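J.: Going down the list, the protein sequences come from chains A and B.
The opening residue of the first sequence carries number 309 in the working numbering; numbering runs sequentially from there.
The opening residue of the second sequence carries number 4 in the working numbering; numbering runs sequentially from there.
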Amino acid sequence: MTMRVAVTVNGTEYARDVEPRLLLIHFIRDELGLTGSHWGCDTSNCGSCVVWLDATPVKACTVLAAMADGRIVRTVEDLEQDGCLDPVQQGFIECHGLQCGFCTPGMMMTARWLLDRNPDPAEAEIREVLSGLLCRCTGYENIVRSVRWAAQHPAGHPGESP
Amino acid sequence: MQVPSHVEYERATSVEHALALLGRPDHRVLAGGHSLIPMMKLRLAQPGVLVDINGLAELSYIKLDGAELRIGALARHADLLDSAVAGQHFPIFHDAERVVADPIVRLWGTIGGSLCQADPSEDLSAVFAAVRAIAVIRGQDGDREVPVREFHLGPYETVIGPGELLAEIRVPVQPGTGSAYEKVARRVGDWSVAAAGAVLRLEKHKIKEAGIGLTAVAAEHFVAAEAEDYLRGKPATEQNFEQAAKIAAEHCHPVPDQRGPEDYKRHLVAELTTRALRRAAARAGASA
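1. Do you know offhand how far Ala463(A)'s Cα is from Leu387(A)'s?
2. Which of the residues in the stretch 331-365 of chain A, read from start to end, lie with their CB under 7 Å from any CB of chain B?
3. Ordered along the chain, which non-local residues of its own chain (more than five positions away) have a Cβ less than 8 Å from that of Leu67(B)?
4. Counting beta carbon pairs with one atom in the stretch 45-56 of chain B and one in the stretch 6-16 of chain B, are three or more of them shorter than 8 Å?
5. Round the Cβ separation of Ala81(B) and Ser63(B) to the nearest angstrom and send it over; I've been treating them as touching at under 8 Å.
6. Alpha carbon to alpha carbon, what distance is there between Ala374(A) and Glu19(B)?
7. Is the beta carbon of Thr310(A) less than 7 Å from the beta carbon of Glu327(A)?
8. When you check each C-beta in the stretch 38-61 of chain B against every C-beta of chain A, which residues fall closer than 8 Å?
9. If we count the other Cβ atoms within 10 Å of its Cβ and call it buried at 16 or more, is Pro369(A) buried or exposed?
10. What residues in its chain sit with their C-beta under 6 Å from that of Val371(A), if we drop five residues either side in the sequence?
11. When you compare the stretch 438-446 of chain A with the stretch 105-114 of chain B, are there three or more beta-carbon pairs, one atom per stretch, that lie closer than 8 Å?
12. List, in order along the chain, the chain B residues whose C-beta lies closer than 9 Å to that of Thr383(A)?
13. Could you tell me how far apart the beta carbons of His254(B) and Ala227(B) are, in whole angstroms, since I believe they sit closer than 8 Å?
14. Is Ala222(B) near Ala284(B), with beta carbons less than 7 Å apart?
15. Is the beta carbon of Ile140(B) sitting closer than 7 Å to the one on Glu167(B)?
16. Using the Cβ count rule (16 or more neighbours within 10 Å means buried), how would you classify Gln242(B)?
17. Evaluate contact between the stretch 256-265 of chain B and the stretch 274-284 of chain B, counting only Cβ atoms and requiring at least three cross-stretch pairs below 8 Å.
18. Excluding sequence positions up to five away, which residues of its chain have a Cβ less than 6 Å from the Cβ of Phe400(A)?
19. Measuring only the C-alpha atoms, how far is Glu468(A) from Asp428(A)?
20. Contact defined as beta carbons within less than 8 Å: I believe Ala199(B) pairs with Val102(B). What is the distance between those atoms, to the nearest angstrom?
21. With a threshold of 7 Å between beta carbons, is Pro328(A) in contact with chain B?
22. Comparing alpha-carbon positions, which option in Asp193(B), Leu22(B), Lys249(B) and Pro41(B) lies nearest Glu229(B)?
23. Between Arg152(B) and His224(B), is the Cβ-Cβ spacing less than 7 Å?
24. Rounded to a whole number of angstroms, what is the C-alpha to C-alpha distance between Ile95(B) and Glu245(B)?
25. Could you name the residues of the same chain whose beta carbon sits closer than 6 Å to that of Trp421(A), not counting the 5 residues immediately before and after it, in chain order?
26. Throw me the rounded Cβ distance for the Cys445(A) and Cys408(A) pair, which I believe falls under 8 Å.
27. If you count every other CB in all the chains shown that lies within 10 Å of the CB of Ser345(A), and 16 or more means buried, which is it?
28. In terms of alpha-carbon separation, which member of Ser195(B), Leu234(B) and Thr218(B) lies closest to Ile210(B)?
29. Could you give the DSSP three-state label for Cys392(A): helix, strand or coil?
30. To which residues of the same chain is Ala21(B) closer than 7 Å at the C-beta, ignoring the five residues directly before and after it?
31. Report the residues of the stretch 439-455 of chain A with a CB closer than 8 Å to any CB of chain B, ordered along the chain.
32. Tell me where the alpha helix (DSSP H) around Lys211(B) begins and ends.
33. Taking 6 Å as the cut-off, is the C-beta of Glu231(B) nearer than that to any heavy atom in the ligand ATP?
34. Would you list, in chain order, the members of the stretch 371-398 of chain A that have their beta-carbon closer than 8 Å to a beta-carbon of chain B?
35. Against Glu11(B), what residues of chain A qualify as contacts under a CB-to-CB distance less than 8 Å, listed in chain order?
36. Going by alpha carbons, who is nearest to Asp144(B) out of Thr276(B), Gly164(B) and Val130(B)?
Below, the structure written as structure tokens:
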């Protein structure tokens with residue numbers, strides 16, 4: 309049996325008939341074709357699937373699409389606005405915050421949420437907020453630097469002094 | 004790929020609506036879902052219908068009401084961690100919430116869900132048992148109050164019956180009280196190998212009342228009642244804390260598993276109980 313799920317994702321309204329058991333991450337990737345959010349461990353450990361649900365980050369492998377009905381979802385595709393990268397994205401470029409890139413969408417969506425709440429987080433706070441996300445490449449050092457870079461460059465442009 | 008079994012979905016629009024939806028025997032309440040959905044994905048849980056209560060804002064609050072801290076069942080872990088009033092009266096809540104899962108999961112997992120999940124390794128069961136909280140359970144015929152120490156019947160089993168919903172947790176606030184939680188886990192965000200929570204109410208350095216909660220070591224009702232009995236009426240000294248901790252370690256029933264052998268877990272109970280009592284006493288002194 310299916311149910312109608314209507315969600316606003318990155319400002320666009322979508323409605324699909326899906327099974328209530330469908331997970332939000334599969335709804336976003338398979339039903340809507342937005343494959344920026346990654347489906348990783350499937351056990352709410354790795355955080356690669358983090359998206360915003362009504363402005364709060366959530367591991368989308370542990371939420372049903374049905375729970376998002378009538379709500380607002382924001383994914384990594386929405387970070388870039390009018391051809392301008394979000395400072396967090398630019399920070400990951402500047403500081404080599406990714407190697408394979410698998411964890412990156414979750415890292416960036418979580419980092420953007422953190423910076424919206426605290427524009428100048430200390431390293432310890434960045435590490436704490438990212439502690440529920442796994443990166444198997446970088447050892448986290450460059451990810452933390454990337455978030456710090458974004459904090460120091462709120463306009464996002466490289467070369468701009470803090 | 005982990006896929007839950009077929010399930011129906013209902014969204015409650017009010018507590019009354021939720022109670023009406025909870026009539027079916029194969030229903031499960033869906034709050035944060037961060038325990039239930041993983042269990043459904045593993046087919047350890049196969050409910051027929053989910054009743055989503057995430058929209059019930061009236062169950063989402065943390066407030067001081069007279070001599071009671073009242074926590075709505077739908078308050079999130081992050082809400083409790085962010086609550087200044089909760090942390091002021093019960094630092095044990097903040098100690099514990101800092102080590103429950105991770106910050107993203109804490110934004111969704113709920114206080115009521117943690118208690119209702121009744122996982123033997125869940126931190127908050129021991130914490131709320133230690134502070135002698137009261138669970139307010141709502142049904143079609145009104146509310147009933149059950150001490151958290153009588154709330155859990157066993158692993159994954161509570162006293163909540165068909166057609167009932169955990170609505171609120173109430174914690175009595177008393178002056179001169181200090182509390183703390185100490186946990187050892189294999190890695191950040193993991194379940195406890197063992198953990199201990201302590202609550203002490205002091206009067207002129209003497210222990211008027213003690214609460215000790217134990218996590219993941221199969222303590223009956225998540226508490227160390229014998230150790231509490233030992234402490235009551237005694238001076239708050241290091242020696243008494245160590246003796247009480249030893250009693251707590253003797254009376255629990257840790258099971259050897261991938262997180263460690265039995266003797267190691269008993270050792271942790273003794274050490275963590277001592278540390279929690281020490282910090283609780285220091286905090287009680289500071290608040291008196």
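Don't be surprised by glycine CBs; every beta carbon is placed ideally from N, CA and C.
This structure is a prediction, so every number in the text was calculated from the model and none was measured.
T.: This is what the structure holds:
1. 13 Å
2. Asp350, Thr351, Ser352, Gly355, Val358, Thr364 and Pro365
3. Arg73, Val88, His92 and Val176
4. yes
5. Contact doesn't hold; Cβ gap of about 12 Å is too wide.
6. 21 Å
7. yes
8. Ile40, Pro41, Met43, Lys44, Leu53, Asp55 and Asn57
9. Strictly speaking, residue 369(A) in this sequence is Cys, with Pro absent from that position. Looking at its Cβ environment, which holds 16 or more other Cβ atoms inside 10 Å, Cys369(A) is buried.
10. Leu332
11. yes
12. Here the premise fails: no neighbours, minimum Cβ distance about 15 Å.
13. 6 Å
14. no
15. yes
16. exposed
17. no
18. Leu406 and Ser454
19. Reliability fails at Glu468(A), whose pLDDT of 49 lies under 50, so the model's placement of it is uncertain and the value that follows must be treated cautiously. Cα to Cα, the separation comes out at about 16 Å.
20. Contact doesn't hold; Cβ gap of about 12 Å is too wide.
21. yes
22. Lys249(B)
23. yes
24. 20 Å
25. Pro365
26. 5 Å
27. buried
28. Leu234(B)
29. strand
30. Ala15, Val54, Ile56, Leu59 and Leu168
31. Ser439, Gly440 and Leu441
32. Careful: Lys211(B) lies outside any alpha helix (DSSP H), inside the beta strand (DSSP E) at Lys209 to Thr218.
33. Summarising the ligand content, the structure contains no ligands, and the ligand ATP is consequently not present.
34. Val371, Leu372, Ala374, Met375 and Asp377
35. Met309 and Pro328
36. Gly164(B)
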